[in-house]
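Following: one structure in structure tokens, then a few remarks.
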Amino acid sequence: MAERPEDLNLPNAVITRIIKEALPDGVNISKEARSAISRAASVFVLYATSCANNFAMKGKRKTLNASDVLSAMEEMEFQRFLGPLKESLEVYRREQKGKKEARKDKDKKTDSEEQDKSREEENDDDDERMEEEEQNDEEEVDN
Amino acid sequence: AARLSGGENRLVSLPLSRIRVIMKSSPEVSSINQDALFLTAKATELFVQYLASYSYKHGRGKEKNALTYSDLSHTAEECETFQFLADILPKKILASKYLKMLEKEKRDGAVGEDDEEDEEEEDEDETVGEDVGS
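Taken in sequence, the protein lines are chains A and B. Going by this note's numbering, the first residue of the first sequence is number 1, and it counts up by one from there. Going by this note's numbering, the first residue of the second sequence is number 1001, and it counts up by one from there.
So this is what it looks like as structure tokens:
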């Protein structure tokens, strides 16, 4: 594995915010607790990925898809996540579709200018959106 | 710049790029489609919320209006759904207690009995920082 140890961690600020949203106002979260939850989240990703991958392999596919992840959640006994996940997925798919169409229109208009695909987000202009744009094909082809 | 204030309105807060790095660190995984990546990120957020709220609800930290490490490690041990976390959230004991345990084992001739009775910390501030692996 070529990743540095810190690459397998999730950003502290985001983790902290998610924790705060789940707890009553004013509850103190010790640094140790926050750090432990962050580690737990990384382990969760690994466990979920491994589990989802088993479903993909059963289906003789090399690419993890949405149903693999949903099946993994059920297998891991996180059925309570299924409803919210399916809803979010619908919204996400609509968003992605909207972005694709917006890009197609723009490409038609601005054929002469070579623009980065990542540049024209109307709503959010954060890094992750930009990186989503780069990965916006249905399937990632990785080495 | 709007990231910090509008947190609740976004579809997902965890960065997909980082989630992807973690997923790809798994050797068996070849590729991940975009929907799967999104769902994993979203599921991780739900997981963080669930772990935090469950631990707070069932733990003793709330006696002091706090979520403590001890609450989390307690959850990993007691709740089957979170048992996969038991190794990374071990119970903690005071160093002095651990030393006493070692002395006792020596006296008993180290008969190979695992001492499972790790004592839980009541106030993690007093922990002298010795992690005892489970």
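Where a beta carbon is used, it is the ideal one built from N, C-alpha and C, also for glycine. These numbers come from a predicted model, not from an experiment.
- Task: With 7 Å as the limit, tell me which residues of the region 1026 to 1046 of chain B have their beta carbon closer than that to any beta carbon of chain A; keep them in chain order.
- Result: S1026, E1028, V1029, S1030, S1031, I1032, N1033, Q1034, D1035, A1036, F1038, L1039, T1040, K1042, A1043, T1044, E1045 and L1046
- Message: Can you find the residues in the same chain that come closer than 6 Å, C-beta to C-beta, to K31 (chain A), ignoring five residues on each side of it along the sequence?
- Response: none
- Query: Can you tell which of B:H1058, B:L1102 and B:A1041 has the C-alpha that lies nearest to the C-alpha of L23 (chain A)?
  - Reply: B:H1058
- Query: If you compare alpha carbons, which of A:I37, A:K100, A:N53 and A:S38 is closest to K1024 (chain B)?
  - Reply: A:N53
- Query: Hey, how far is the Cα of V1041 (chain B) from the Cα of P84 (chain A)?
  - Reply: According to the sequence shown, residue 1041 (chain B) is Ala rather than Val. Going by the C-alpha atoms only, they are around 13 Å apart.
- Message: Measuring alpha carbon to alpha carbon, tell me which residue in B:E1063, B:Q1034, B:F1082 and B:G1061 is nearest V43 (chain A).
- Response: B:F1082
- Query: Quick one: which chain A residues come within Cβ less than 7 Å of M1101 (chain B)?
  - Reply: Under the 7 Å cutoff, chain A gives no residues; its nearest Cβ is about 22 Å from M1101 (chain B).
- Enumerate in chain order the residues of its own chain whose CB-to-CB distance from V1021 (chain B) is below 8 Å, with the five nearest sequence positions on each side excluded. none
- Query: What's the gap between the Cα of E87 (chain A) and the Cα of Y47 (chain A)?
  - Reply: 23 Å
- Query: Given a threshold of 16 other Cβ atoms within 10 Å of its Cβ, counted over all protein chains shown, does G59 (chain A) qualify as buried or as exposed?
  - Reply: exposed
- Task: Would you list, in chain order, the members of the region 19 to 38 of chain A that have their beta-carbon closer than 7 Å to a beta-carbon of chain B?
- Result: I19, E21, A22, L23, G26, V27, N28, I29, S30, E32, A33, A36 and I37
- So S1031 (chain B) and K62 (chain A) are in contact, right, with Cβ under 8 Å, and what is the actual spacing, rounded? 6 Å
- Reference A1066 (chain B); option with closest CA among A:K104, A:N12, A:I19 and A:N9: A:I19
- In three-state terms, what does DSSP make of S1031 (chain B)? strand
- Proximity below 8 Å, CB of L144 (chain A) to CB of L1039 (chain B): It is not possible to answer for residue 144 (chain A), since the shown part of chain A is limited to 1 through 143.
- Could you name the residues of the region 1060 to 1073 of chain B whose beta carbon sits closer than 9 Å to any beta carbon of chain A, in the order they occur along the chain? G1061, K1062, K1064, N1065, A1066, L1067, T1068, Y1069, S1070, D1071, L1072 and S1073
- Ends of the alpha helix (DSSP H) at K20 (chain A)? N12 to A22
- Task: Just mark K1064 (chain B) as buried or exposed, buried being the case when its beta carbon has 16 or more other beta carbons within 10 Å.
- Result: exposed
- Burial state of T1044 (chain B), where buried means 16 or more other Cβ atoms lie within 10 Å: buried
- Message: Relative to the C-alpha of V1048 (chain B), which candidate in A:I37, A:D7, A:E74 and A:K99 has its C-alpha closest?
- Response: A:I37
- Name, in chain order, the residues that DSSP records as bridge partners for N29 (chain A). Checking the displayed sequence, the identity of residue 29 (chain A) turns out to be Ile instead of Asn. The partner list for I29 (chain A) (beta bridge, DSSP) reads B:L1067.
- Identify whether T1040 (chain B) lies in helix, strand or coil by the three-state DSSP scheme. helix
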